[in-house]
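To start, the structure under review is shown below, and the notes come after it.
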Amino acid sequence: MNAINKTSDSERYARCIHSSKRVRWDVDEDVIRGRRFDAAHKFLPDGLSLADTFTTLVASEKRFVSQIQGRTYANVFGLVERFINAKVLELSRDHWFGDQVALEALVRFSDEELKHQALFRRIDTMVRDVLPDGYRFDVDPNGVAHAVLGKSTWAVLALTLDIELFTQLHYRESIDPDAELSDLFKDVFLYHWKEESQHAILDELEWVRHDAGLTAEERDRAVGEFIELVGAVDGILQAQAKSDAGYFAAKCGRAVDAAEACAIEAAFLKAYRWQYIHSGAQHPQFGKVLSSLITESQGQRIQAALATLQ
Ligand SMILES: [Fe+2]
Ligand SMILES: [Fe+2]
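Here is the structure:
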């Protein structure tokens, strides 16, 4: 790496620290502010819940779907932030006796991610308080973290950048005008994104730095592992779509026949794949960084894998 790149990277780490200090928020004082959820509101915006895909449902049922998806949103973030934080702590080791600015940026990143997990645990219990009993999220964050961290750092950082970039799009969807959307959930998107935007920059810096130390063979294996990780995420989404569709059918207050149940499950899965895979994978910055690191044929392998998840 030449001297100019080193300087500009160091400046980028420093800018992340500066922004992190400027936007820092508190779960209770800034985000929750003594509020509760109201079952009269949607929790996820239509652009994320893909309300239009649930073609057999009336408006109040689509609202219930957005509330179920809101609880799943809190649970999925609680899950992914467990392994993201562990990977960030592991990467920080590379800077222990090196760039102390980079080290501080990663320590702040980790601290924020612990706070986000606490926020999402709160959101989960607050949504639980206004929805009917019977919702399940049976995936163990530590089990997933162990499985993910068994893959190469390159693959984990690719998945992490995908995730941290899509919080930006989720925030943008949430600010589209919609009087029925919960102000509290809108604030969750806003405040989360404020800190995630620094994380996405740090993911990129760490990914490029780590990539520079890999051989072509190691990188090629890592591309395969990234595809495996996306497949594992999809496995979780498939199970949750099934669980959430079953919960909806049991609690929506009317009979749902087998054909409609199938359509509802497919719509949940489509929404979850959009929320947790494609909205990040299609982000221009993700494509830009990824394509700067891989060959054209590796890019085609990734695109072909993503195309199967439609
Ligand atoms: Fe986060
Ligand atoms: Fe993050």
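Convert by adding 14 to the 1-based position in the sequence shown; the result is the number in this note's numbering.
Heads up, the beta-carbon is just placed ideally off N, CA and C, and yes, glycines get one too.
Source: prediction; values computed, not measured.
Taking C-alpha positions only, S196 is separated from S24 by approximately 39 Å. At least one heavy atom of ligand 2 is found less than 6 Å from the C-beta of E127. Counting along the chain, the unbroken alpha helix (DSSP H) around F134 starts and ends at 114-142.
If you check the C-beta of E274 against ligand 2, you find no heavy atom less than 6 Å away. Between the alpha carbons of Q296 and Q289 lies a gap of roughly 11 Å. Spatial neighbours of H224 in its own chain (CB-CB distance under 7 Å, excluding positions within 5 residues in sequence) are listed in chain order as T167, W168, L171.
Where L251 is concerned, the enclosing alpha helix (DSSP H) starts and stops at 230-265. Going by DSSP, Y290 is part of no alpha helix (DSSP H) at all; its letter is neither H nor E. The C-alpha of I189 is placed about 44 Å away from the C-alpha of E231.
Across the structure, V244 and Q182 are spaced so that their CA atoms are roughly 20 Å apart. Secondary-structure assignment with DSSP links K56 through a beta bridge to L195.
Within the chosen limit of 6 Å, ligand 2 does not reach the beta carbon of E104 with any heavy atom.
Residues T181 of the same chain have their beta carbon placed closer than 6 Å to that of H206, with the five preceding and five following residues left out of the count.
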